[in-house]
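This report refers to the structure that appears directly beneath it.
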Amino acid sequence: PAGLGSRVRPVRVLDIAAGTGVGALCAIDALFAGDPGLFLSVTATDISAGMLSTLESGERLTKAKAAHGDQLVFDTKVADMCQLDFVESGTVDVAVIMFGIMFPDDPVAAMKEVKRILSPTGVATIVTWHYNFFIEMMKHAAVDSGKVKRVEDLVLSVEKFGQESVMRNLAEAAGFDRRTECSCTFVSRQSVPIPASVMVATMNTNPASAPYGPFDPERLSQLLARRCPGVTAPALREGGEKEGGDTVDREPATITEGTALCFNLGF
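Take the sequence shown: its letter number 189 is residue 498 in this note's numbering, and every next letter is one higher.
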């Protein structure tokens, strides 16, 4: 973003509910692409220490540290996205929530924390699902497990966050001006099928799908193959063309200066 590079202090980036840090890593790429002279202080937070451990040992983070040297300070912190007490108010320049705002019991509380921590010229980028094949699979798996009778009977709460009006109302409830401080962008630049092994392994642990389990991995693999005609489960691999798989925005989100929320609803 223009102007950030002239600051004496490093640009502070906070990836909230970071998981394995895709949001933080995309922000690093985008910010350095905009101004190679930046100094960044990046913190990735998640309620799961295991997720953060995976991030810390990952090749992409290792490469980023090597590429940017002392211009990049990176750390992790186990934290609840609704209680970011370790962050002082008004100190974060870039906040990122990548596919996480739909999971807390109180999304308004999480959004209020975003509002609190943003600096006067800060920006938050929040990515939600507009359409996600994983959600479709959760529904069919719930029917297969006998927890619900019909796919149509199951309306997962995470689905509503793909609606622009829901996100604007959520931002407004947290204290943002829905007209002047929020922009919504629908993004679908590249289709990336979720690896079958990842989808099967995740169903019993994902907070959206776990209540409808437990799921048998073998039955899930068979169900996945049936739901993707002509595509066997092992063929669903990351990086290929869409073959009944997930639609994901793989390009870094556009980050602009000024207090604002940008909802990239991937579909």
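For each residue, glycine too, the CB sits at the ideal point set by N, CA and C.
L381 and V351 do touch by the CB rule: their CB atoms are close to 7 Å apart, below 8 Å.
A residue is called buried when at least 16 other Cβ atoms come within 10 angstroms of its Cβ; F408 meets this threshold and is buried. In the DSSP assignment, T514 falls outside any beta strand (DSSP E), carrying neither H nor E. Measuring C-alpha to C-alpha distances from G399 to each of L427, D415 and F412 identifies L427 as the nearest. When secondary structure is reduced to three states using DSSP, R477 falls in the helix class. In the three-state reduction of the DSSP assignment, Q392 falls in the strand class. Taking the CA atoms as reference points, T489 sits about 11 Å from A480. Between G343 and L370, the C-beta spacing is not below 8 Å.
Shortest Cα-Cα distance from I356 to any of M390, F383 and S362 involves M390. Residue burial is scored here from C-beta neighbours: S492 has fewer than 16 other C-beta atoms within 10 angstroms and is therefore classed as exposed. A buried status is given to A419, since no fewer than 16 other beta-carbon atoms sit within 10 Å of its beta-carbon.
The C-beta separation of P523 from N513 comes to about 6 Å, placing the pair in contact by the 8 Å criterion. With 16 or more neighbouring CB atoms inside 10 Å of its own CB, R321 falls in the buried class.
Here S366 is exposed: its Cβ has fewer than 16 other Cβ atoms, across all protein chains shown, within 10 Å. In this structure, DSSP gives F524 a state outside helix and strand, which the three-state scheme calls coil. In the structure shown, the three-state DSSP call for A450 is helix. Under the rule that a run must span 3 or more residues, the beta strand (DSSP E) segments found entirely inside the region 380-432 read 381-387 and 401-407. Here the alpha carbons of D415 and A336 stand approximately 25 Å from one another.
At the C-beta level, D402 and L532 stay beyond 8 Å of one another.
Rounded to the nearest angstrom, the Cβ distance from A353 to L361 is 6 Å, consistent with a contact under 8 Å.
In the three-state scheme derived from DSSP, where H, G and I count as helix and E and B as strand, I444 is classed as helix.
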